[in-house]
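J.: Chains as they are written, first to last, in the working numbering: chain A, 1 to 244; chain B, 245 to 459.
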Amino acid sequence: MLVHEDLCVGCGLCVKYCPVGAITIVDRKAHIDQDKCLECGTCGRQRIVKCPRGALYENPGVYTYPRSIRKFFSDPMAYHPETKVPGRGTEEVKTNDVTGRVKRGEYGIAIEMGRPTVGASYVDVEKMTMALSKFNIEYEAKNPVKTLFLDEKKGTLKEEAKQQSVISGIIEFTIPAEELEAVLETIMETAKTIDTVFSLDLICRFSDEDPYKMPEVPVLEKFGLAPRPNNKINLGMGRPLVEE
Amino acid sequence: MSHTLHRFGPEETFQNDFPFISRPAMKINSDGAAPKMRRVMEIALDHEPVNWGSLTTKQNLTMGFDREELLNKTEDNSPAMGCFDDRDKVVAVLKQLKEEDLGMSVVITGLRDKVEEMCHEAGLTPHSADLALGIFGATELLPEDETLCFTTMCGHAMLSAGLVRQIRKAVREGRMTPEEGAKILAKPCYCGIFNQTRAAMLLEQEKEANQKNEE
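(1) Lys154/A and Met188/A look like a contact to me (Cβ under 8 Å); what is the Cβ gap, rounded to whole Å?
(2) Report the neighbours of Met402/B on chain A: residues whose CB is nearer than 8 Å to its CB, in chain order.
(3) By DSSP, does Met113/A sit in helix, in strand, or in coil?
(4) Helix, strand or coil for Ile411/B per DSSP?
(5) Which of the three DSSP states is assigned to Ile245/A in this structure?
(6) With a CB to CB cut of under 8 Å and the five nearest residues on each side skipped, what residues in its chain are close to Leu13/A?
(7) Please decide whether Pro254/B counts as near chain A, where near means a Cβ-Cβ distance under 7 Å.
(8) Which residues in chain A have a C-beta closer than 8 Å to the C-beta of Lys431/B? List them in chain order.
(9) Which residues does DSSP list as the beta-bridge partners of Pro263/B?
(10) List the residues of chain B whose Cβ lies closer than 7 Å to the Cβ of Lys16/A, in chain order.
(11) Between which two residues does the beta strand (DSSP E) containing Phe380/B stretch?
(12) Which partner residues does Gly354/B have in the DSSP bridge list?
(13) Exposed or buried, Ser207/A, counting other C-beta atoms within 10 Å across all chains shown (16 or more means buried)?
(14) Taking 7 Å as the threshold (beta carbon to beta carbon), is Thr383/B in contact with chain A?
(15) Does Arg239/A get closer than 7 Å to chain B when you measure Cβ to Cβ?
(16) Give a yes or no on whether the minimum CB-CB distance between Cys37/A and chain B is below 7 Å.
(17) Using 8 Å as the threshold, is the stretch 144 to 159 of chain A in touch with the stretch 182 to 201 of chain A, meaning 3 or more CB pairs across them?
(18) Determine, for Ser298/B, whether the minimum Cβ-Cβ distance to residues of chain A falls below 7 Å.
(19) Nearest-angstrom Cα distance between Ile109/A and Cys8/A?
(20) Within 7 Å (strictly less), CB to CB, does Thr64/A reach chain B?
(21) Looking only at C-alpha atoms, which of Arg442/B, Glu458/B, Ala277/B, Ile287/B sits nearest to Glu417/B?
(22) Starting from the beta carbon of Thr248/B, find every residue of chain A whose beta carbon is closer than 8 Å, and list them in chain order.
(23) Counting only beta-carbon separations shorter than 7 Å, does Asp329/B have a partner in chain A?
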């Protein structure tokens, strides 16, 4: 984002709305640190911030690679050109009743680097993908992180991507159930080496035996993990319902 | 994007918090889905969600919501997104969706016992779960818990910790009502999954606790 300095009156209204603290007032004008700005676009949304002079505007170069990485992984209203889905994620559990992406005997894993609130550099994303390279992981094809790999098997990312920071990037894949313990061990070890936070999701199927009972994942206890009480449930209303 | 997951806070503050998402699966049942998605939105909006949003029209309920504009701009790939603060309303929506059998996927986020109970009541069999296992890494970089309770209601992280702290302070000092504060905090979340009722309750609780400490 950029500032029309001739319009800005330095009121500071925009400062508190920036999720990453990229805006300061310098010489009675709003100043946006271009290294810190993740191009989420929030400060320029007049219906939210109500800048009295409409002084904040989108950088015209923000859709040009590699700056565009910031935009597509930070602004939920930016449609990624390859996924055609707004934001940085995928349909994940939302349509699993129709897509069958995560089947019985499998787990879906999403490691959302930078979430919540902190943001992430792709250097940190690469630390995680390189650590996971010892597994034979096929990353989710529709997740935009997939487009940033230099060598997917080694988990390395393109150099220009590693120069970018974003609100979050989601490392997303599905594994056989028997690999869960080893994968979680790797994730938890790598957590000690990164300079940001990540949220960890686990997608699984309900069982046929007791369709109203939340799936149990005993291996989580080994890592001191317990799912939060509030979770996201696909209600099985999509058609055609996937057959397995 | 699991943006309705990882909502942070004490369990009791989620008793009336039910983010709702419905969408088609791209290239499977998305062709010609626009009328079905429009109908999903009509049914949900008829049952008065506490919030509703649209990435297409770039608005949510707290901004002054144009229902017809939203419905008229529904496309094959438009998701329906919002939040309810009343489990009975959610059950009513689910029952109607089941009756009309529109075939669009539906996801509810909430306390597991409550969602399971609602499924049972609506005659639905849950298919899959996305479990929130927690936040890891350099957690010392996170804002304080009291602020995370609000910022995590926008899973895309559009709500800044600085704004939350300012509103919390204004409410504590009596310069703003909890409801006024909640409405300001809801605006940056264009998806409309921010729950103003829960936010107002959290602000009220903090204000009361602050007053007790001062006595």
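Heads up, the beta-carbon is just placed ideally off N, CA and C, and yes, glycines get one too.
T.: With the structure as the only source:
(1) Not a contact, Cβ separation roughly 21 Å.
(2) Think of a sphere of 8 Å around the beta carbon of Met402/B: the chain A residues whose beta carbon falls inside it are Pro19, Cys40, Thr42, Pro76, in chain order.
(3) In the three-state reduction of the DSSP assignment, Met113/A falls in the strand class.
(4) Here Ile411/B sits in helix by DSSP.
(5) Past the edges of chain A, shown from 1 to 244, lies residue 245/A, and the structure says nothing about it.
(6) So the qualifying residues of the chain are Val49, Lys50, Cys51, Pro52.
(7) It does not: the Cβ of Pro254/B has no partner Cβ on chain A nearer than 7 Å.
(8) Chain A residues near Lys431/B: Arg47, Ile48.
(9) Pro263/B is bridged to Cys327/B.
(10) Those within 7 Å of Lys16/A in chain B are Ser404, Gly406, Leu407, Gln410.
(11) Per DSSP, Phe380/B belongs to the beta strand (DSSP E) from 372 to 381.
(12) Within the DSSP secondary-structure output, Gly354/B pairs in a beta bridge with Asn231/A.
(13) Counting C-beta atoms within 10 angstroms of its own C-beta, Ser207/A has fewer than 16 neighbours from the protein chains shown and is therefore classed as exposed.
(14) So yes, Thr383/B belongs to the interface.
(15) Yes, because at least one Cβ of chain B sits closer than 7 Å to the Cβ of Arg239/A.
(16) Residue-level contact check: Cys37/A does not touch chain B, since none of the beta carbons of chain B fall below 7 Å from its beta carbon.
(17) Segments in contact, no.
(18) Cβ-Cβ to chain A under 7 Å: no for Ser298/B.
(19) When only Cα atoms are considered, Ile109/A and Cys8/A end up about 45 Å apart.
(20) No, no contact with chain B.
(21) Checking every option, the nearest Cα to that of Glu417/B belongs to Glu458/B.
(22) Near Thr248/B (Cβ distances below 8 Å), the residues of chain A are Lys232.
(23) Using a Cβ-Cβ cut-off of 7 Å, Asp329/B does not count as an interface residue toward chain A, since no Cβ of chain A sits closer than that to its own.
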